[in-house]
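These notes concern the structure reproduced below.
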Amino acid sequence: MISWIFIFRLLQISNFFSAFSYNISTCYYKISEEFHREGDVAIGAFFPLHTFYSLKKMQHSTIPYYYLDNVIQYNFKNYQYILALQFAIEEINGNPNLLPNISLGFDFYNVRFTGKYIHSNTFNWLTALGDRNYIPNYNCKKRNFTAALTGTSWITSAQIGTLLQLFKFPQISFGPYDLLLSDRGQYPYLYQMAPKDTSLPLAIVSLIVHFRWSWVGLILPDDHKGNKILSNFREEMERNGICLAFVKMTSETWTSYVAKFWENMHETNVTIIYGENDSLEGIIRNIEQRLLTWNVWIMNIEHHVIDRADYFMLDSFHGSLIFKHNYRENFEFTKFIQTVNPNKYPEDIYLPKLWYLFFKCSFSDTNCHVLENCQTNASLDVFPRHIFDVAMNAESTIIYNAVYAVAHSLHEMRLQQLQMQPYENHHGMVFFPWQVITFLLYFIVSTLVKDKRSLDWRQIRDTEYDILNIWNLPKGLGLKVKIGSFSANAPQGQQLSLSEQMIQWPAIFSEIPQSVCSESCGPGFRKVTLEGKAICCYKCTPCADNEISNETVTKLARNTLEREREKK
């Protein structure tokens, strides 16, 4: 089995190497920032699917902030966001009991992580003029707009929110929960649907205590979220006798101090990485490139295994542990993915790229949206999981639920309109976006679940997590295997559940890794703290005659023993 996986990986590497090293079609690099699906009512979708970066920053002579050597980078893992949006809309449009005689559509805009382009795309959507010709408070196409889905970064949602709130426009963030975005004074029409992660520090520290690791590192974003979670981690760790070997705070320009960043990374075998995929992308990429295979990484993000042509079997993240909320699997979504192809969705700007790159199709000489010489049975579900996963991830689940929340809001508003006998145009529904807000707030905030399928995010509690183990040896296997769970609401001593025999550790370890600053003092020795060092770092000196002890019990071990007694 492993040998066949290895052979597949080598074939895959050679294919990618040839694709990127030789003549690749110019159509692959031609990309629009938007595409649309028609409907009576449109949802705005602002997702990060591609970006541009400069290799040598060759500045254009007349256009500011424009580089001549821009290179496009696709994030095909995020393409699942568009599929979740398409899937939800097709389900709703095919449901005669939800928004009958009214169809939903969407307008997709790519997010490039720069304020200039984010605001530009937002204005483009609000005015529907295109070509960056904006007329505030006027919509050229006279379309019914209902709400905007934004993410994954809180910065993206905040930048879009500052503009949408001027028009009282409802906005739903599908990225990780952020306290700043809950400020009703600054973002009165922005709603978050992600869990708050209030129990994450307790969950991670419980795992650390279980394996008796007392010396761990911590990597966090250098922002308000990083500072808040650092305080929470310190509190939990001090309560359990765990020490921090180092704390690394990263920013978007972290590469400017890259040498200093890695100085003492070798001091521990266990490091926690907390943050968002967007804010930690540079760190994740650098860890992979440096082949830091001696570390157990504990993360709250399902990092994107970057696909590139290399010849290494080892992966820095093999054996890592991930904490994620437990979302119920949507098997209908997996079936839907099997039907997706460029012919079915000709307006889609990413499917031709995917088919060209992975199925060796060729672009037409006259149209970059037309493919030739394609495999008849090509489907997204044949991709390796580290490139594209058919299982609906956390963000896609939130997008799916958000679309249903919008649909239910429109449905309820429509019922009220019919009761009041309003004027109707040929589209069957007349409203302003701000009129949706009251209904949308009800379906997002209310704990009354009317439709189990559409509002099932209420079954996801902040206190419950699945624990995944990354199996990526040989590199390219890309599996995330559930090896345990955590529930803060469970009785003390039963919160953490693990199947240790299923865990694959980094290749350098043949057994459960150890991570301590100083080994426990044996019988007849006592600890002597070292000046200027953490309490976990000490030296052992012989006890005096009246101090001899035959026990070797640290605070961490004592907590473990007490927990075991409680289980009995």
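According to mature numbering (1 follows the signal peptide of the UniProt record, and there is no 0), the stretch in the sequence shown is residues -19 to -1, 1 to 549, in order.
Here a beta-carbon is modelled for each residue, glycine too, at the ideal position from N, C-alpha and C.
Checklist entry - Is the beta carbon of PRO414 less than 7 Å from the beta carbon of PHE155? => result As a working note, residue 414 is residue 433 in the sequence shown. As a working note, residue 155 is residue 174 in the sequence shown. No, Cβ-Cβ distance for PRO414 and PHE155 is not below 7 Å.
Checklist entry - What is the rounded straight-line gap between the Cα of HIS407 and the Cα of ARG366? => result Translated into positions along the sequence shown, residue 407 becomes position 426. Translated into positions along the sequence shown, residue 366 becomes position 385. Per-residue confidence for HIS407 stands at a pLDDT of 45, beneath the threshold of 50, marking its modelled position as unreliable; no derived number is given.
Checklist entry - Ends of the beta strand (DSSP E) at ILE383? => result Translated into the one-based positions of the sequence shown, residue 383 becomes position 402. In the sequence on display, residue 383 carries Ala and not Ile. For ALA383, there is no enclosing beta strand (DSSP E); the enclosing alpha helix (DSSP H) covers residues 375 to 401.
Next on the checklist: If you measure between the beta carbons of SER26 and GLY86, is that distance less than 7 Å?
Outcome noted: Here residue 26 refers to the residue found at position 45 of the sequence shown. Here residue 86 refers to the residue found at position 105 of the sequence shown. Note that residue 26 corresponds to Ala in the displayed sequence, not to Ser. Their beta carbons are not under 7 Å apart, which means ALA26 does not touch GLY86 by this criterion.
Next on the checklist: Between the alpha carbons of LEU479 and ASN281, how many angstroms are there, rounded?
Outcome noted: One-based indexing of the sequence shown puts residue 479 at position 498. One-based indexing of the sequence shown puts residue 281 at position 300. Each residue's alpha carbon lies about 17 Å from the other.
Next on the checklist: Which of the three DSSP states is assigned to ASN354 in this structure?
Outcome noted: Your numbering for residue 354 matches position 373 in the sequence shown. Secondary structure at ASN354: coil, using DSSP grouped into helix, strand and coil.
Item to check | Boundaries (first-last residue) of the beta strand (DSSP E) holding LEU272 | outcome: Translated into the one-based positions of the sequence shown, residue 272 becomes position 291. Per DSSP, LEU272 belongs to no beta strand (DSSP E) and is neither H nor E.
Next on the checklist: Spatial neighbours of PHE68 within its chain, please: C-beta separation below 6 Å, excluding the five flanking residues on both sides.
Outcome noted: Sequence index remark: in the sequence shown, residue 68 carries index 87 (1-based). The beta carbon of PHE68 is closer than 6 Å to those of PHE314, PHE317 in its chain, skipping five residues each way along the sequence.
Checklist entry - Just how far apart, CA to CA, sit residue 561 and ALA386? => result Residue 561 lies beyond the residue range present for the chain, which begins at -19 and ends at 549; the question has no answer from this structure.
Next on the checklist: Whether or not the region 220 to 232 and the region 267 to 279 are in contact is what I'm after, with contact meaning three or more pairs of Cβ atoms, one per stretch, closer than 8 Å; do they touch?
Outcome noted: No, they do not touch.
Checklist entry - What's the call for GLY465, buried or exposed, on a 16-neighbour Cβ count within 10 Å? => result Your numbering for residue 465 matches position 484 in the sequence shown. Residue environment for GLY465: buried (at least 16 other C-beta atoms within 10 angstroms of its C-beta).
Item to check | Three-state class that DSSP yields for SER212 in the structure shown | outcome: Stepping through the sequence shown from its first residue, residue 212 is reached at position 231. Helix at SER212.
Checklist entry - From ILE73 to ILE83, what distance separates their C-alpha atoms? => result Mapped onto the sequence shown, residue 73 falls at position 92. Mapped onto the sequence shown, residue 83 falls at position 102. One C-alpha to the other measures close to 10 Å.
Item to check | Where the alpha helix (DSSP H) through GLN473 begins and ends | outcome: If you number the sequence shown from 1, residue 473 lands on position 492. Careful: GLN473 lies outside any alpha helix (DSSP H) and carries neither H nor E.
Checklist entry - Around the Cβ of HIS247, are there at least 16 other Cβ atoms within 10 angstroms (buried) or fewer (exposed)? => result Here residue 247 refers to the residue found at position 266 of the sequence shown. It is exposed - the Cβ of HIS247 has fewer than 16 other Cβ atoms within 10 Å.
Checklist entry - Counting only beta-carbon atoms, is GLN356 nearer than 7 Å to chain B? => result The displayed structure is made up of one protein chain only, and chain B is not part of it.
Checklist entry - Whole-angstrom Cβ separation of SER375 and LEU130, contact assumed at under 8 Å? => result Here residue 375 refers to the residue found at position 394 of the sequence shown. Here residue 130 refers to the residue found at position 149 of the sequence shown. For clarity, residue 375 is Ala in the given sequence; the question names Ser instead. At roughly 14 Å, the Cβ-Cβ gap does not stay under 8 Å, so ALA375 and LEU130 are not in contact.
Next on the checklist: What would DSSP say about ARG366, mapped onto helix, strand or coil?
Outcome noted: The residue you call residue 366 lines up with position 385 of the sequence shown. The answer is coil: DSSP assigns ARG366 none of H, G, I, E or B.
Checklist entry - Looking at C-alpha atoms only, which residue of THR522, LYS325, SER377 is the closest neighbour of VAL509? => result Here the question's residue 509 lines up with position 528 in the sequence shown. Here the closest residue by C-alpha is THR522.
Checklist entry - Smallest Cα separation from GLY256: which of ALA240, ASN76, LYS229? => result The residue given as residue 256 occupies position 275 in the sequence shown. Comparing Cα positions, the closest option is LYS229.
Checklist entry - DSSP beta-bridge partners for GLY86? => result Counting from one through the sequence shown, the residue named residue 86 turns up at place 105. ALA23, per the DSSP bridge assignment.
Checklist entry - Excluding sequence positions up to five away, which residues of its chain have a Cβ less than 7 Å from the Cβ of ILE425? => result The sequence position of residue 425 within the sequence shown is 444, counting from 1. Cβ neighbours of ILE425 beyond the five flanking positions: TYR172, MET174, ALA386.
Checklist entry - Helix, strand or coil: how does DSSP classify GLN416 here? => result Walking along the sequence shown from the start, residue 416 turns up at place 435. In this structure, GLN416 counts as helix in the three-state DSSP scheme.
Checklist entry - Within 10 angstroms of its Cβ, does GLY142 collect 16 or more other Cβ (buried), or is it exposed? => result Taking the sequence shown and counting its residues from 1, the one referred to as residue 142 is at position 161. GLY142 comes out buried.
Checklist entry - Comparing alpha-carbon positions, which option in GLU512, GLN485, GLN400, VAL52 lies nearest GLY300? => result Against the sequence shown, residue 300 aligns to sequence position 319. The candidate whose alpha carbon is nearest that of GLY300 is GLN485.
Checklist entry - Which stretch, first to last residue, makes up the beta strand (DSSP E) that contains VAL190? => result Counted from its first residue, the sequence shown places residue 190 at position 209. VAL190 -> not in any beta strand (DSSP E); alpha helix (DSSP H) instead, spanning 181 to 191.
Checklist entry - Roughly how many angstroms separate the alpha carbons of GLU353 and ASN307, rounded to a whole number? => result As a first step, residue 353 must be located in the sequence shown, where it is residue number 372. As a first step, residue 307 must be located in the sequence shown, where it is residue number 326. Those two C-alpha atoms are separated by around 41 Å.
Next on the checklist: Counting C-beta neighbours from all protein chains within 10 Å, is the total for PRO202 16 or more, i.e. buried, or is it exposed?
Outcome noted: Numbered from its first residue, the sequence shown carries residue 202 at position 221. It counts as buried.
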